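Before any comments, here is the structure.
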Amino acid sequence: MGKEVLLLGRVAYFCMEYGLHEELPIYAGGLGILAGDYLKEAKGEQVPVVGIGILWRQDYTKQLIGEGGWPRDYYPTYDYDFVKDTGVRVKVRIRGIEVTCKVHLVDQYDNAPLYLLDAGLPGSQHGWMTAKLYGGADQDRIAQEIILGIGGVRALRALNIPVDCYHFNEGHAALAGLELIREKMQEGSGFVEAWEKTRQEVVFTTHTPVAAGNEEHSLGLLYHMEANNGLSYEEMRQIGGAPFNMTVAALRLSTRANAVSKLHQKTAREMWRDVEGAAPIIAITNGVHQATWQDQRIREVWEQGKDLWEAHQVLKKELMDFIRQETGYHLRDDVLTIGFARRAAPYKRSELIFRDMDSIRYLLKRRKVQLVFSGKAHPDDYEGKKIIQELVKMDRSYGDGVVFLENYDMETARYLVRG
225 MGKEVLLLGR VAYFCMEYGL HEELPIYAGG LGILAGDYLK EAKGEQVPVV
275 GIGILWRQDY TKQLIGEGGW PRDYYPTYDY DFVKDTGVRV KVRIRGIEVT
325 CKVHLVDQYD NAPLYLLDAG LPGSQHGWMT AKLYGGADQD RIAQEIILGI
375 GGVRALRALN IPVDCYHFNE GHAALAGLEL IREKMQEGSG FVEAWEKTRQ
425 EVVFTTHTPV AAGNEEHSLG LLYHMEANNG LSYEEMRQIG GAPFNMTVAA
475 LRLSTRANAV SKLHQKTARE MWRDVEGAAP IIAITNGVHQ ATWQDQRIRE
525 VWEQGKDLWE AHQVLKKELM DFIRQETGYH LRDDVLTIGF ARRAAPYKRS
575 ELIFRDMDSI RYLLKRRKVQ LVFSGKAHPD DYEGKKIIQE LVKMDRSYGD
625 GVVFLENYDM ETARYLVRG
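Here it is, written out as structure tokens:
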């Protein structure tokens, strides 16, 4: 990452979620984990990056298994008394109301500085806007994206942080581009010139490989929410289309875009081939932050050139102990263990291994293999929750052979990755 980013200068990285540590649950899944790892690697490589995000007071969801194996969602409110108040406040207009956001700093996880916006000030009636990650209807999501994008740029200005490049991690951040255009138009540029100047400052990472995962909003609703940020209906249509597609907007607001693997690059180019004025899409394969996910004992053995098996078995036993503590199930550390931990969505195909039930039943009953699953479904995703319910039924049918770990988080992920 270092050489490519250094060519871009000082980078402001915008993302709706960040997975830095389980005690700061402002992430939902892989997008947030990537963003958290990105900030940690930037700090380690001494690359001048700052992150912009939102301090979600009620998490994505605390998802526990209820009656019949159905996932139930709970939303405890977190205090986050360990984040730092920068003293900066920024204002955005949402649906005719001026909303003030506090700006917090998180930098204690060996990460590049992360600035988080929070509408939940004491006495404010707008705390709902930054309560639930990906929660609510279209109006809630647009309000959140106004805070992230428009509010995020204003936070950078208020913090006096110079920026050479704005990196949008997914289309949620596209409204930041509208704020950059507004600034340039306020300085005297016309719309087309301001748009072109903005393109030269923005890069974009696209993730979602299915059309349904790329947000669209009616232009009428965006105007009602004041997400247009002063731009006309026609100017908004030129950027994001009608309806306004956040990914299309991000592609047209950036000078270069990247998919997250070579195969995904082919998929993304095919998906967006008809978008005029889109940035070229290159492939940059996702990486991970080694120190977060690789246990120190494995690293030491590897660096010493010793055999990994003994260290692996120690970590596997720790995973089995964790599973027993969480579920009461007694998995064995001398049996082939297959883990699958992903967001529960149909296209992730977590239940694929059960397609050949005769074969997997034979292996499970003879303790030739044991399966460990974990993951959350979006609170409004009925099909995703059905997948979890089916996995839980398998869990209960095969006892210690199949286990589902509820409320998947970074702690569970570390045990699964290492064990």
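Residue numbers for the sequence shown follow the numbering used here, so the first one is 225 and each next one is one higher.
Beta carbons: idealized from backbone N, C-alpha and C, even for Gly.
This one's a predicted model, so the numbers in the text were calculated from it and none came from an experiment.
What would DSSP say about residue i, mapped onto helix, strand or coil?
i	result
leucine 244	coil
glutamine 270	coil
aspartate 605	coil
alanine 474	helix
isoleucine 257	helix
threonine 430	coil
alanine 515	helix
proline 295	strand
histidine 328	strand
tyrosine 586	helix
glutamine 287	strand
arginine 480	strand
proline 250	Checking the sequence shown, residue 250 turns out to be isoleucine, not proline. Correct three-state label for isoleucine 250: strand.
tryptophan 419	helix
histidine 448	helix
Give the straight-line distance between the Cα atoms of residue i and residue j, rounded to the nearest whole angstrom.
i	j	result
alanine 569	leucine 640	20 Å
glycine 412	isoleucine 374	19 Å
leucine 487	phenylalanine 392	21 Å
asparagine 384	threonine 551	49 Å
leucine 587	glycine 376	52 Å
glycine 464	serine 442	10 Å
tryptophan 280	serine 456	31 Å
glycine 351	asparagine 482	34 Å
methionine 353	leucine 576	37 Å
aspartate 186	valine 271	Residue 186 is absent from the structure shown; the chain starts at 225 and stops at 643.
glutamate 403	glycine 501	19 Å
isoleucine 405	valine 427	15 Å
lysine 490	aspartate 305	44 Å
leucine 345	leucine 338	19 Å
glutamate 394	valine 472	11 Å
cysteine 325	threonine 301	18 Å
arginine 423	alanine 379	20 Å
Along the chain, where does the beta strand (DSSP E) that runs through residue i open and close?
i	result
glycine 311	308–318
threonine 561	560–565
On the DSSP bridge assignment, give the partners of residue i in chain order.
i	result
asparagine 469	Glu440
serine 456	None; serine 456 has no bridge partner.
histidine 391	Tyr237 and Val427
valine 627	Val596
glycine 275	Tyr237 and Leu338
valine 323	Val316
Just to confirm my understanding: we take residue i, look at its own chain, exclude 5 residues before and 5 after, and list those with CB closer than 6 Å. What are they?
i	result
lysine 540	Asp557 and Gly643
glycine 260	Tyr242, Gly243 and Leu244
methionine 544	Leu555 and Asp557
isoleucine 508	Asn482
glycine 437	none
glycine 625	Leu588 and Gln594
Is there at least one non-hydrogen atom of the ligand SAM closer than 7 Å to the beta-carbon of residue i?
i	result
glutamate 542	No copy of the ligand SAM appears in this structure; indeed no ligand is present at all.
Hey, quick one: how far does the alpha helix (DSSP H) through residue i stretch, first residue to last?
i	result
leucine 404	399–410
alanine 367	362–370
glycine 376	376–382
tyrosine 639	634–642
arginine 522	In the sequence under discussion, the amino acid at residue 522 is isoleucine, which differs from the arginine named in the question. 520–527 is the span of the alpha helix (DSSP H), which, as asked, contains isoleucine 522.
isoleucine 547	533–551
alanine 507	Alanine 507 -> not in any alpha helix (DSSP H); beta strand (DSSP E) instead, spanning 505–507.
leucine 487	486–495
With 8 Å set as the bound, which would you pick, yes or no: does the beta-carbon of residue i sit closer than that to a beta-carbon of chain B?
i	result
tyrosine 457	Structure shown: chain B not included; a single protein chain is present.
For residue i, collect the residues of the same chain with a Cβ closer than 7 Å to its Cβ; drop the 5 residues on either side in sequence, then sort them by chain order.
i	result
glutamate 459	Phe415
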